Amino acid sequence: MREAERPVTRAHDGLAARIAAVLTAEEVSPDQFEAEAGLAAGATVAWLSGEATDIAHDQAARIQERYRFNMFWLITGRGKQRIPSLSPQHAKPSPKFLNAYPPESFPARLKFAMDLRGVRQQGDVAQASGVTAAAVRLWFNGGETKIEADQIAALSKFLRVEPDWLRAGIGPMEGAANVRLAAVGTRRIPLISSVQAGLMNETVTPFPPGAGFEYLLTDLELSDGAFALEIDGRSMEPEFREGDRIIVDPVISPIPGDYVVATNVRSEATFKKYRPRGLGPDGMEVFDLVPLNPDFPTIRSEQERARIVGVMIEHRRYRQRK
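Heads up: take any position in the sequence shown, counting from 1, add 116, and you land on my numbering.
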């Protein structure tokens, strides 16, 4: 790329700097970058200028496929610019994937793929591969070195990596078809903050559909706007505890007794039990948002100007280690 074409950015860190680093390393202009990676026209300029401060998962995947840069690094700024299996052929391979595991081991490759795909829980790996959680712990602890072929096949499909790479570190980690957002039959639901949930309405979604730095995986058929939240506070104990996670679909209409995420005029999101009370004087529906913990007050929609964001369709609890 000629000096006159080099990207100029007002940011010294963040997404703008990461995009500039890719352009400089590959010696391509913004227009060429967009054409080769299949990006929308103007996306690069928006990133470099700081107008756009986030990159969607599918955009990062396209850049990774074309230029072999680590999509996790592109999205978050964490980790290596290039992961070992996606390094240029002339580059010397990294001596190890993760410091926590022996170099080039099966648990190292499995953990690396989990981190890249945003899979946080070993329980998701166990469910995908059809084994027990105890078996997965043995894999990570090095107590079980023989992994069945059908388990490798299931894990490879779940994590969208090549079976030979996962099993023995042979060949590339990803094939050309592995840049899809999700394997068939598996939905990746973005875990968002309560602030983002509180901003949601019928015309504004504060995150690109399917985008997030962490995901929950489900086989349920949900709308494109489905999202996940982590429970904060004690108002829904004992049924829901702090740290539990829920999956919410904003398209589903609540019925009495449903658990819902709602927001008020201050765009504060809350998770409560839904109890309709009919129509108010203005003809609008009124309802209560009822906590399961009696130490917390019931919220009345007409007083707080509450609005339903979505209905909980799945609840997950993870073991908490002391």
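We treat Cβ as the ideally placed atom computed from N, Cα and C, and that holds for glycine. A quick note: this is a predicted structure, and the numbers were derived from the prediction, not measured.
Quick test of your reading: Ile179 and Leu131, contact by CB under 8 Å. State the CB separation rounded to the nearest angstrom. The Cβ separation is near 12 Å, so there is no contact.
Taking its Cβ as the centre, do 16 or more other Cβ atoms sit within 10 Å of Gly426, making it buried, or is it exposed? Buried, because 16 or more other Cβ atoms sit within 10 Å of the Cβ of Gly426.
Under the three-state reduction of DSSP, which class applies to Met428: helix, strand or coil? In the displayed model, Met428 falls within a strand according to three-state DSSP.
Residues of its chain near Glu346, where Cβ-Cβ distance is below 6 Å and the 5 sequence neighbours each way are ignored: Correct list, in chain order: Arg361.
What is the DSSP secondary structure of Asp271, counted as helix, strand or coil? Note that residue 271 corresponds to Leu in the displayed sequence, not to Asp. When secondary structure is reduced to three states using DSSP, Leu271 falls in the helix class.
Within the same chain, show all residues whose beta-carbon is closer than 8 Å to that of Ala299, passing over the 5 residues directly before and after it, in chain order. Confidence is the limiting factor: at Ala299 the pLDDT is only 44, short of 50, which leaves the residue's position unreliable, though a coordinate-based value still follows. Here the set comprises Lys273, Phe274 and Arg276.
Best match in Ala141, Gly166 and Arg233 for proximity to Leu332 [C-alpha to C-alpha]: The candidate whose alpha carbon is nearest that of Leu332 is Arg233.
Go to Pro306, then tell me how far its alpha helix (DSSP H) extends in each direction, as first and last residue. Element bounds for Pro306: not the alpha helix (DSSP H) but the beta strand (DSSP E), Arg303 to Pro306.
Using a Cβ-Cβ cut-off of 8 Å (strictly less than) and excluding sequence neighbours within five positions of Pro372, which residues of its own chain qualify? Counting only Cβ-Cβ distances below 8 Å, and skipping sequence neighbours, we find Tyr390, Arg391 and Pro392.
Quick one: using the 10 Å Cβ neighbour count with 16 as the cut-off for buried, is Asp398 buried or exposed? Exposed: under 16 other Cβ atoms inside 10 Å.
Which residues does DSSP pair with Phe256 in a beta bridge? DSSP lists no partner for Phe256.
Starting from the Cα of Ser417, find the closest Cα among Met428, Val376 and Glu430 and give me that residue. Closest option to Ser417, Cα to Cα, is Val376.
Rounded to whole angstroms, what is the Cα-Cα separation between Met230 and Leu336? Cα to Cα, the separation comes out at about 21 Å.
What are the start and end residues of the beta strand (DSSP E) that includes Leu155? First-last for Leu155: undefined, no H or E at that position.
Quick one, are the C-beta atoms of Glu430 and Ile368 less than 7 Å apart? Going by C-beta atoms, Glu430 is not nearer than 7 Å to Ile368.
Spatially closest choice to Ala151 from Gly166, Arg134, Glu401 and Tyr183, by CA coordinates: Looking at Gly166, Arg134, Glu401 and Tyr183, the one whose alpha-carbon comes closest to that of Ala151 is Tyr183.
Around the C-beta of Leu395, are 16 or more other C-beta atoms found within 10 angstroms, so that it is buried, or is it exposed? Result: exposed.
Buried or exposed: which applies to Gln419, given that a residue is buried once 16 or more other Cβ atoms fall within 10 Å of its Cβ? With fewer than 16 Cβ atoms within 10 Å of its Cβ, Gln419 is classed as exposed.
Own chain residues within Cβ distance below 7 Å of Arg423, not counting five before or after: Closer than 7 Å at the Cβ level, and outside the excluded window around Arg423, lie Ala378 and Thr379.
Who are the Cβ neighbours of Gly193 in its own chain at under 8 Å, not counting the five residues just before and after it? Within the same chain, Gly193 has close Cβ partners Asp129, Gly130, Leu131 and Arg134.
Which runs of the beta strand (DSSP E) at least 3 residues long sit entirely within the segment 323-387? Give them in chain order. Taken in chain order, the complete beta strand (DSSP E) segments of 3 residues or longer contained in the segment 323-387 are 331-334, 343-346, 361-365 and 375-379.
Mind checking which residues open and close the alpha helix (DSSP H) that includes Leu131? Start and end: Leu131 to Glu142.
Here's a check: name, in chain order, each residue in its chain whose Cβ is nearer than 7 Å to the Cβ of Ser221, leaving out the five neighbours to either side. The answer is none, since no qualifying residue turns up.
Alpha carbon to alpha carbon, how far is Met289 from Arg283? Give it in angstroms, no decimals. Near 11 Å, if we compare the C-alpha coordinates of Met289 and Arg283.
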